[in-house]
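Residue numbers (the working numbering): 1349 to 1685.
See below for the structure under consideration.
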């Protein structure tokens, strides 16, 4: 089979590899699409804290079961995505029901071979069925919608919540769509007109570009601020906006895992009795909920524009370089078929 093997940092080769052999409790999935994610770039550049090489990237997966262990209730030919987290089951986090933040957490496409190849081996307990009515191109977005489901749950978004998402990159827009699905009143703060236009085309209100963003936040919330602020830009300006844009007693969710050092005035959090909540990947339940949200939203409105580029498997390296340069308006998919 053909695959994109990251031999070393920034050294990805399109090559032939053996089709994986499966054992008990495993499935061989013939890949249809793999999504390109910001964390793929982090691994590619050698900036991920625990990734190792050689490895095949890709944790956003869509495909069909080619072969499967006979002890599974999945069938050959079923269309599936994958919950890509591999936990130890023994640490405190796992025993406390938080296996998604396992101390030894490993991910498909970061620590073991992922989806930038024609066939991928996946444990059967990580397989998740995809609703029949979802077209392949959108079903490939299951994993980022899981991020949206988890982060909006962490932000305690419920009916009527006023929510600000900072940053209209692909994940910011998907988080905003998930917040709307939870019946929140949602705004996006974004200074890039192209990205803001995409958000607006998907029915998401945007703060007016060119005006003071804090003034805009207060204007649209009657001077109170937002119930929840989800920071998805990773920028210094975005992070500094969070406390001022969030209301007294509100919730702030920083999404970026970049590790960047940014000045943050904790006194504002105390003064307004705000809650800062971490959000890392997703639980299995939120992964399944993310798939359901994606299916419901796609049935209600056209979200095809969430995918801006589809490149062949042989051009996975170019897909990563495109994303690094910010050339993509929305998600980039790799066609593995």
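Ideal placement from N, C-alpha and C gives every residue a C-beta, glycine not left out.
Around the beta carbon of residue 1619, fewer than 16 other beta carbons sit within 10 angstroms, so the residue counts as exposed. Counting the other Cβ atoms within 10 Å of the Cβ of residue 1578 gives 16 or more, which makes it buried. In the three-state reduction of the DSSP assignment, residue 1583 falls in the coil class, being assigned neither a helical nor a strand state. Between the alpha carbons of residue 1471 and residue 1598 lies a distance of about 40 Å. Pairing residue 1384 with residue 1677 gives a Cβ-Cβ distance that is not under 7 Å. Residue nearest to residue 1395 within the set 1641, 1365, 1357 and 1595 is 1357 (criterion: CA-CA distance). Nearest Cα to residue 1411 within the set 1444, 1480, 1664 and 1669: 1480. DSSP places residue 1491 within a helical segment (H, G or I) once states are collapsed to three.
Taking a C-beta distance under 7 Å as the contact criterion, residue 1496 and residue 1526 qualify as a contact pair. Boundaries of the alpha helix (DSSP H) around residue 1643: 1632-1648. Residue 1543 and residue 1517 do touch by the CB rule: their CB atoms are close to 7 Å apart, below 8 Å.
In the three-state reduction of the DSSP assignment, residue 1450 falls in the coil class. Rounded to the nearest angstrom, the Cβ distance from residue 1389 to residue 1672 is 6 Å, consistent with a contact under 8 Å.
For the alpha helix (DSSP H) assignment, the uninterrupted runs of no fewer than 4 residues enclosed by the stretch 1424-1489 are, from N- to C-terminal side, 1440-1443 and 1484-1487. Cα atoms of residue 1640 and residue 1375: separation of roughly 23 Å, rounded to the nearest angstrom. Between the alpha carbons of residue 1624 and residue 1617 lies a distance of about 8 Å.
As computed with DSSP, residue 1533 is found in a beta bridge with 1510. As DSSP reads the structure, residue 1379 sits in a beta bridge with 1411.
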